[in-house]
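Visitor: Sharing a structure, written as structure tokens. Questions coming.
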Amino acid sequence: MTTVSVVCFTLLSLGALAATIRVVIGPSLADRIIAADLLLTVFVMGIAVQAARTGDGLYLPVMVVVALVGFLGTSIVARLIEKRGG
Amino acid sequence: MTVIASCLLLAGCALALLAGVGVLRLHDVFGRIHAATKPSSLGLLLVCLGAGFLVQGVTATTQLVAVVILQLFTAPVGAHLLGRASYYSGLLGSRTVLDEGNKPIPDSSQDGID
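The listed protein sequences derive, respectively, from chains A and B.
Heads up: the first sequence begins at 50 in the working numbering, then just goes up one per residue.
Heads up: the second sequence begins at 961 in the working numbering, then just goes up one per residue.
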């Protein structure tokens, strides 16, 4: 299980690295928001892998909150882009 | 049981990597929305399924199910909102072959945000 979790965290880190590069290089606001949303999803996956590794659900409420708040952020910035241009 | 959970976790994490590569490599906003939404939803589903085999207790399992349901509801809605906003702000890339949207301006003076 330890090897599996190390491989999982490595894959998640590479995905998060790619999303971070997209956040930095842009070019538009919409690209950055998409990549930040993906970053949040990868973070949620990391919490799930951690819960699977340790076997207890200590951080699982954080997953629910982050999934909800991430959607709020995305939709609000979508309204901003529509109003102001990307 | 552990073998099944490990396979599910690895598949989900590989999909997360795939989503990252797609967001980095695709050419315009709409391709990136596509790449960021679908593989990460399926990946989160697989990871939560795999974690559900390994965590103890009804509370933890319920929270995993709640996260999956939340993601499956909010990811398409968020992607649609972002895609609509990007389309009307003129973010179509130069490689777009077909645009069937007939882009009029959205009437944003009526919707009450400033």
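The C-beta atom is built at its ideal place from N, Cα and C for all residues, glycine as well.
The structure displayed is predicted, hence computed values, not measured ones.
Given a limit of 7 Å on CB to CB distance, which residues of the region 1045-1056 of chain B reach chain A?
Guide: Per Cβ criterion, the list reads Ala1045, Ser1046, Tyr1048, Ser1049 and Leu1051.
Visitor: Alpha carbon to alpha carbon, how far is Pro76/A from Arg992/B?
Guide: 12 Å
Visitor: Please report the straight-line C-alpha distance between Glu131/A and Ala1039/B, rounded to a whole angstrom.
Guide: 13 Å
Visitor: Classify Ser1049/B as helix, strand or coil using the three-state DSSP reduction.
Guide: Residue state for Ser1049/B is assigned as coil, using DSSP reduced to three classes.
Visitor: Please return the same chain residues whose Cβ sits closer than 8 Å to the Cβ of Leu1006/B, not counting the five positions on each side in sequence.
Guide: Leu968, Leu969, Ala971, Gly972 and Leu975
Visitor: Measure the alpha-carbon distance for Arg977/B versus Thr962/B and round it to whole angstroms.
Guide: First, the residue type needs correcting, since residue 977/B is Leu and not Arg in the sequence shown. Rounded to the nearest angstrom, the two C-alpha atoms are 22 Å apart.
Visitor: Are there 16 or more other CB atoms within 10 angstroms of the CB of Phe120/A, so buried, or fewer, so exposed?
Guide: buried
Visitor: For Gly1061/B and Leu1051/B, what's the separation of their Cα atoms in angstroms?
Guide: 13 Å
Visitor: Measuring only the C-alpha atoms, how far is Met50/A from Gly1043/B?
Guide: 39 Å
Visitor: Do the region 1052-1059 of chain B and the region 976-990 of chain B make contact, defined as three or more Cβ pairs closer than 8 Å?
Guide: yes
Visitor: Under 7 Å, Cβ to Cβ, is there at least one residue of chain B near Asp92/A?
Guide: Before going further, note that residue 92/A is Phe rather than Asp in the sequence given. Taking Cβ atoms only, chain B never reaches closer than 7 Å to Phe92/A, which makes this a no.
Visitor: At a CB-CB cut-off below 9 Å, which residues of chain B make contact with Val113/A?
Guide: Gln1023, Ala1026, Val1027 and Leu1030
Visitor: Name the chain B residues whose beta carbon is nearer than 7 Å to that of Arg81/A?
Guide: Going along chain B, no residue has its Cβ under 7 Å from Arg81/A, so there is no contact; the nearest lies around 10 Å.
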